[in-house]
Structures are given as C-alpha cells and as structure tokens.
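Asks: Be aware that the sequence shown starts at 3, since it is given in the numbering used here, and climbs by one per residue. For glycine and all other residues, C-beta sits at the position ideal for the given N, C-alpha and C. Predicted model, so just to flag it, every value in this text is computed and none were measured.
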Amino acid sequence: MRLLARVITTTTLTGIAALHAAWATGSAFPFATREELADTVVGSPEFPGANACWTVTALAGTGALLVAVQPRTTLVRLAHRGVAATLLARAIIGGRTSTQLLGLPEPSRAFLDADKKIYRPLCLTLGVGAWVSASPARQ
Numbered sequence: 003m004r005l006l007a008r009v010i011t012t013t014t015l016t017g018i019a020a021l022h023a024a025w026a027t028g029s030a031f032p033f034a035t036r037e038e039l040a041d042t043v044v045g046s047p048e049f050p051g052a053n054a055c056w057t058v059t060a061l062a063g064t065g066a067l068l069v070a071v072q073p074r075t076t077l078v079r080l081a082h083r084g085v086a087a088t089l090l091a092r093a094i095i096g097g098r099t100s101t102q103l104l105g106l107p108e109p110s111r112a113f114l115d116a117d118k119k120i121y122r123p124l125c126l127t128l129g130v131g132a133w134v135s136a137s138p139a140r141q
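Okay, here's the thing in structure tokens:
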C-alpha cells in the first residue's frame, strides 16, 4: 500500500510540476486561452506570471522528490509528513481562503467550481498518499 501511495503521489506531483512549468513558459494547456487558464486555475482575469508558476513548479517538484524517497529516517518521514500536511491543509481550507491568504482578489466562479470538483479532492488524495507513504514499514 505504501509503495502504491508513493508511486501515485510522486507521479501526480511531478505532473503538476510539469504543468506549471509549461504554464510558466506561456502554454495555456489544457485550456484554449491564457484567459480561460487564469479564470479556472487562479480565479482572476490575468495569470499571475512566470515567477508564480516557477514557484509552484519548484514546490510540487520538491514534494514529489521528498515523497519518492522511502522514509528510512525520522527527518525524511517528517519531510513526507510536511508535504502531506501542506496538501491536506489546502484541501481543508479550500480555494477561497487560499486566495485570501495569498492576497489575491475574490476568485471567479470557474475557479471555485474547479476547486470544489478538482483541486480540493486532488489535494486531499495527494495529502493522504503522502501521509501513507511516510508510514513506517512493519517489521
């Protein structure tokens, strides 16, 4: 179970990092326009820019690397738990509160809908996956 959780969580976080890297370089994938991307992913009419995307790329990539490593030490296990706690916190507080904490304007309906249907469940699933992958092996 831990191995499956580790593989799925690592692969998904790597995909999220790659997607944000693509957005940082100007892609609108999987949306038709950057405006549609901004509305659905950020909740505002304008995309925040390459630096924000590169930051998320680095955070998701780092999370993927941390979860990929089998936790043989307390430090690595704590790193796994930190990734899990961050993802679980995002799932719990939701997109509206997240945007408020980041000082962003009130998010759009498209973002709030995507948050309810995609982002929160994804963060919950990844958070649980990171937590399970950090569990010590049974002797």
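Of the residues R83, G51, G131, R122, which one's Cα is nearest the Cα of A93?
Replies: R122
Asks: At the level of alpha carbons, what is the spacing between T12 and V69?
Replies: 6 Å
Asks: Would the C-beta of T64 count as close to the ligand FMN, meaning under 7 Å from any of its heavy atoms?
Replies: Here there are no bound small molecules, and the ligand FMN is not part of this structure.
Asks: Please confirm whether L89 and L61 have their CB atoms less than 8 Å apart.
Replies: no
Asks: Tell me whether the region 49–59 and the region 16–30 touch, counting them as touching only if at least three CB pairs, one residue from each stretch, are closer than 8 Å.
Replies: yes
Asks: Along the chain, which unbroken stretches of the alpha helix (DSSP H) at least 4 residues long are found entirely within the region 7–73?
Replies: As summarised for the region 7–73, the continuous alpha helix (DSSP H) elements at least 4 residues long and confined to that stretch are 36–39, 52–70, given in chain order.
Asks: Measure how close the beta-carbons of L39 and A30 come, nearest whole angstrom, since I'm counting them as under 8 Å.
Replies: 5 Å
Asks: For A52, I'd like the list of residues in its chain whose CB is within less than 7 Å of its CB, leaving aside the five on either flank, ordered along the chain.
Replies: Setting aside the 5 residues that flank it on each side, A52 is surrounded in the same chain by A26, each with a C-beta closer than 7 Å to its C-beta; the list follows chain order.
Asks: Is the beta carbon of G97 closer than 8 Å to that of G45?
Replies: yes
Asks: Would you kindly work out how many angstroms separate the C-alpha atoms of T35 and A66, rounded to a whole number?
Replies: 28 Å
Asks: Going by beta carbon distance, what residues of the same chain come within less than 6 Å of R83, once the five residues before and after it are set aside?
Replies: A136
Asks: Should A86 and W133 be called a contact, given that it needs their Cβ atoms to be closer than 8 Å?
Replies: It is a contact, given that the beta carbons lie within the stated cut-off.
Asks: Round the Cβ separation of F113 and T42 to the nearest angstrom and send it over; I've been treating them as touching at under 8 Å.
Replies: 6 Å
Asks: Quick one, are the C-beta atoms of A24 and G131 less than 8 Å apart?
Replies: no
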